[in-house]
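Written below as structure tokens is the structure these notes are about.
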Amino acid sequence: VPALDVEKIRRDFPLLQEKVYGLPLVYLDNAATTQKPQVVLDALEQYYTTINSNVHRGVHHLSQRATDAYEGARKIIASFINAQKPEEVIFTKGTTDGINLVANSFGRSVIKPGDIVLVSAMEHHSNIVPWQIMCEDRGAELQVIPMNEQGELLMDQFSALLNDRVKIIAVTWVSNALGTVNPVHEIISRAHARNIPVLLDAAQAIQHMPVDVQELDVDFLVFSGHKLYGPTGIGVLYGKEEWLDKLPPYQGGGDMIKTVTFAKTIYNVLPYKFEAGTPDISGAIALGTAVEYVQKAGIENIQQWEEQLMEYATQRLQEVEGLRFIGQAKKKSGAISFLVDDIHPYDLGELLDKQGIAIRTGHHCAEPVMSAFCIPGTVRASFAMYTTMEDIDKLVAGIQKAASMLR
Ligand code: PMP
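For the sequence shown, UniProt numbering assigns the number 9 to the initial residue and increments by one for each residue that follows.
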């Protein structure tokens with residue numbers, strides 16, 4: 009018996025009650041973005057109808073309430089990921105923004121010509137391109153931890169790549185294209201044995217499993233609110249205080265300063281040093297609400313339920329003639345990628361859409377992964393806490409119907 013009351017949870021999500029083409033929506037594109045529970049939508053509206061005001065500035069009542077709510081959200085998130093201090097939680101626009109922040113600040117202050125940045129073969133473009141830009145700028149080199157045909161990182165080769173020139177390692181915890189869960193504890197401990205800091209892209213981990221930054225001992229960790237049942241436009245960068253203190257600001261502007269003269273600016277303390285300008289106040293507050301919603305359901309319960317979904321989907325999809333999985337790692341979470349015969353993923357996606365089934369097709373912003381498998385793209389079904397076994401049954405039936413039309 010699942011500890012999660014999935015039917016009750018589903019009733020909290022207005023969009024899951026909607027129909028597409030007159031059919032009940034089967035939403036299996038959660039790795040792209042999750043739907044939002046009513047409490048999150050209410051938090052957004054309540055902010056604008058009751059406390060809308062700028063933060064950290066006014067002495068007036070509304071500004072103080074907005075500031076309290078914004079800083080309250082920071083505390084909720086800090087506790088969710090077990091950060092030592094709320095000051096280690098920086099609000100960003102999302103995962104992409106967080107990686108750009110670290111690549112830029114770390115690059116300018118640490119990276120020298122000839123240094124190496126290590127990423128993995130299964131990174132999302134947002135954990136490749138910012139490092140490439142920075143490496144080009146600094147005369148540094150980007151190197152890649154390879155993977156096998158199952159879509160698992162080759163850990164021996166990872167160790168062989170570590171040397172004194174490697175200054176930072178940036179890897180994804182869970183692959184959005186393959187569903188692979190990477191051995192992040194092992195990566196971090198081997199990196200730290202050589203004093204190399206690690207950034208984890210937790211965009212596909214934070215919504216599926218418990219995240220404890222102190223237990224991981226990770227240096228930087230980034231994620232997006234919109235994949236965690238929160239709004240778009242808001243995300244989080246966690247950084248160890250010692251690192252965030254050392255790094256220079258990413259952007260300049262209001263809020264990130266203590267004093268400004270034309271001769272010199274003294275920067276503000278953490279976390280404000282990295283939050284230039286008016287932030288996404290309502291987004292941050294609503295992300296705090298989303299995190300509380302997840303905590304109420306219980307992240308362990310969500311993880312357990314989604315493991316059952318993954319097992320069931322893997323088993324049921326095997327019934328489809330000609331279906332092959334792309335990425336067969338022993339540990340997978342959240343997403344399953346596959347192809348059927350030589351049917352183009354886009355054609356399959358379109359026929360599934362007509363049946364009210366939302367999945368993702370294409371390269372999933374991970375073109376190097378597709379190149380490694382010599383394919384143009386995949387069909388990807390991805391899960392959330394509200395996904396049901398019935399959704400998976402409908403997916404399998406939908407694929408069978410679509411494939412018979414396309415064969
Ligand atoms: N990394 C991974 C692993 C992702 O799945 C995504 C979103 N697809 C991103 C980074 C980028 O997230 P965002 O677009 O929200 O910045």
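Just so it is clear, CB atoms sit at the ideal spot from N, CA and C, and this is done for glycine as well.
Applying the 10 Å Cβ sphere with the 16-neighbour rule, what's the burial state of residue i?
i	result
G285	exposed
I274	exposed
N156	exposed
Q29	The sequence given here places Tyr at residue 29; Gln does not occur at that position. So Y29 counts as exposed.
P257	buried
V67	exposed
G261	exposed
E283	buried
T57	exposed
T180	buried
S117	exposed
D349	exposed
Q25	exposed
D253	exposed
F270	exposed
V226	buried
Q323	exposed
DSSP state of residue i, grouped into three classes?
i	result
Y35	strand
Y258	coil
L278	coil
A392	coil
F88	helix
A366	strand
T269	coil
I141	helix
I407	helix
I177	strand
V377	helix
Tell me whether the beta-carbon of residue i lies closer than 8 Å to the beta-carbon of residue j.
i	j	result
Q51	N184	In the sequence as presented, Gln is not what sits at residue 51; that position holds Ala. Not in contact: A51 and N184 (Cβ atoms no closer than 8 Å).
residue 425	V182	Only positions 9 to 415 of the chain appear in this structure, which leaves residue 425 out of reach.
A178	N135	yes
Q311	H216	yes
Q158	A337	yes
P45	D13	no
Y55	I289	yes
L33	S390	no
Q221	A91	For the sequence presented, residue 221 should be read as Val rather than Gln. It is a contact, given that the beta carbons lie within the stated cut-off.
R202	L161	no
L31	G364	yes
L295	A81	yes
W251	P205	yes
G147	G122	yes
I351	L414	yes
F166	V299	no
V328	I407	yes
L186	M130	yes
E249	K83	no
A410	L360	yes
I153	L126	yes
Sorted by chain position, which residues of the same chain lie with C-beta nearer than 6 Å to residue i's C-beta, five sequence neighbours on each side aside?
i	result
P279	E95, I98
residue 416	Look at the range of the chain in this structure, 9 to 415, and you will see that residue 416 is not part of it.
residue 422	Any answer about residue 422 is impossible in this case: the structure gives the chain only from 9 up to 415.
T100	G106, G243, L245
I124	E149, Q151, R173, V174
R73	I59
V63	A74, T75, Y78, I289
V189	V182, K339, S341
Within a Cβ cutoff of 7 Å, which residues of the same chain sit near residue i, ignoring the five residues on either side of it in sequence?
i	result
K266	I274, Y275, N276
T297	V47, V48, A51
S232	G102, T103, A211, G243
I17	A305, M393, Y394
K281	P257, M264, Y275
G291	G233, P239, G241, I242
D355	L414
So, at 8 Å on beta carbons, what are the nonlocal neighbours of residue i in its own chain, with the 5 sequence-adjacent residues on each side left out?
i	result
L224	V192, H193, I196, L208
T41	H234, K235, T240
L347	L331, R332, I334, P353, I383, T386, V387
* Mind pulling the alpha helix (DSSP H) runs of 4 or more residues that sit fully within the stretch 145-175? -> Qualifying alpha helix (DSSP H) stretches, in chain order: 163-169.
* Tell me the start and end of each unbroken alpha helix (DSSP H) in the stretch 15-65 that is at least 4 residues and wholly inside, in chain order. => The qualifying runs are 46-54.
* Quick one: complete beta strand (DSSP E) runs, 3+ long, within the stretch 179-261? -> Runs of the beta strand (DSSP E) inside the stretch 179-261: 206-209, 228-232, 243-247.
* List in chain order: all unbroken beta strand (DSSP E) runs of 3+ residues lying wholly within the stretch 272-353. => Within the stretch 272-353, the complete beta strand (DSSP E) runs of at least 3 residues are 273-275, 331-333, 343-348.
* Segments of 3+ residues assigned as beta strand (DSSP E) that fall wholly inside the stretch 91-145 -> List check, beta strand (DSSP E) in window: 97-100, 124-128.
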